[in-house]
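Novice: FYI, the numbering for the sequence shown is 485 to 684, going by the working numbering.
For reference, the structure I am asking about is given below.
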Amino acid sequence: MIGAHSDDIEIGCGATILRLVHEQPELEALWMVLSARGQRGDEARASAEAILSGTAQREIVLHSFRDAYLPYEGSAVKERFEEVKQRFEPDLILTHYGRDAHQDHRLVSELTWNTFRDHLILEFEIPKYDGDLGRTNFYVRLEDRHAQRKIEHLLEHFPSQRGRHWFSEEVFRSLMRLRGMECNAPDGYAEGFYSRKVVV
Numbered sequence: 485m486i487g488a489h490s491d492d493i494e495i496g497c498g499a500t501i502l503r504l505v506h507e508q509p510e511l512e513a514l515w516m517v518l519s520a521r522g523q524r525g526d527e528a529r530a531s532a533e534a535i536l537s538g539t540a541q542r543e544i545v546l547h548s549f550r551d552a553y554l555p556y557e558g559s560a561v562k563e564r565f566e567e568v569k570q571r572f573e574p575d576l577i578l579t580h581y582g583r584d585a586h587q588d589h590r591l592v593s594e595l596t597w598n599t600f601r602d603h604l605i606l607e608f609e610i611p612k613y614d615g616d617l618g619r620t621n622f623y624v625r626l627e628d629r630h631a632q633r634k635i636e637h638l639l640e641h642f643p644s645q646r647g648r649h650w651f652s653e654e655v656f657r658s659l660m661r662l663r664g665m666e667c668n669a670p671d672g673y674a675e676g677f678y679s680r681k682v683v684v
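Below you can see the structure in the form of structure tokens.
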């Protein structure tokens, strides 16, 4: 899992990760956040530890690049990707949508594809002011408990974001409900992803 900011992974694919951890107890996970400074860094670590608590093995990597400036530190950010590549061979990578309107998100997606060329990469979506949600083509159906736990997890672990009007149960639930409707999920919830290339 690779995210630009402290709560991006949880917002984009938190319920999918909860499902994977539940169904695959042998799961080995690497969780990397590029911009996690101060309180946001503390939140990121506590959140990742909690959501990955059922995995067989986990590594949490947090960096302190400046929020909203990742493209201007591209060379240093790329070095962090190369370090991860040297010691971890993932079966699945979850990261940002390549056409996300946020410049940090786009860079993370670009460097993910640039670094991991022979891997299955699914790009998650982040709801935001820009209205850049697209048409996902890969869905992970969710049980109600995973959708609910994602929401509870976000509200519990990111107190620094609670004052933002978009950081709400209604926003998180509505997107999962919309994607659940699109893929006819039995419990009504899903997370949607963008898949550029799948090789079997």
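Backbone N, C-alpha and C fix where the C-beta goes; we use that ideal spot for every residue, glycine too.
Kindly provide the ranges of any alpha helix (DSSP H) runs that are 4 or more residues long and lie completely inside the segment 648-681, ordered along the chain.
Specialist: Runs found: 653-666.
Novice: Does the beta-carbon distance from Y581 to Y678 come in below 7 Å?
Specialist: Yes.
Novice: Counting along the chain, where does the alpha helix (DSSP H) carrying Q508 start and finish?
Specialist: Where Q508 is concerned, there is no enclosing alpha helix (DSSP H), given that its DSSP letter is neither H nor E.
Novice: Do M485 and L595 have their CB atoms nearer than 7 Å?
Specialist: The answer is no: Cβ separation not under 7 Å.
Novice: First and last residue of the beta strand (DSSP E) that includes L617?
Specialist: Counting along the chain, L617 falls outside any beta strand (DSSP E), and DSSP gives it neither H nor E.
Novice: Let me confirm a value: A560 is counted as buried when at least 16 other C-beta atoms fall within 10 Å, else exposed. Which label applies?
Specialist: Per the 10 Å Cβ criterion, exposed.
Novice: Between A499, R601, I610, which has its C-alpha nearest R680's C-alpha?
Specialist: The candidate whose alpha carbon is nearest that of R680 is R601.
Novice: Output needed for F565: all residues of its chain with C-beta closer than 7 Å, excluding positions within five of it in sequence on either side, in chain order.
Specialist: Same-chain partners within the cutoff: L595, T599.
Novice: Could you tell me the distance, in whole angstroms, from the CA atom of D588 to the CA atom of V684?
Specialist: C-alpha separation (whole angstroms): 30 Å.
Novice: Using only the alpha-carbon positions, how far apart do D671 and S537 sit?
Specialist: Approximately 25 Å, taken between the alpha carbons.
Novice: With DSSP collapsed to three states, give me the class of F608.
Specialist: In the structure shown, F608 sits in a strand (DSSP, three-state: E or B).
Novice: Tell me the start and end of each unbroken alpha helix (DSSP H) in the segment 551-584 that is at least 4 residues and wholly inside, in chain order.
Specialist: Segments of the alpha helix (DSSP H) lying fully in the segment 551-584: 558-571.
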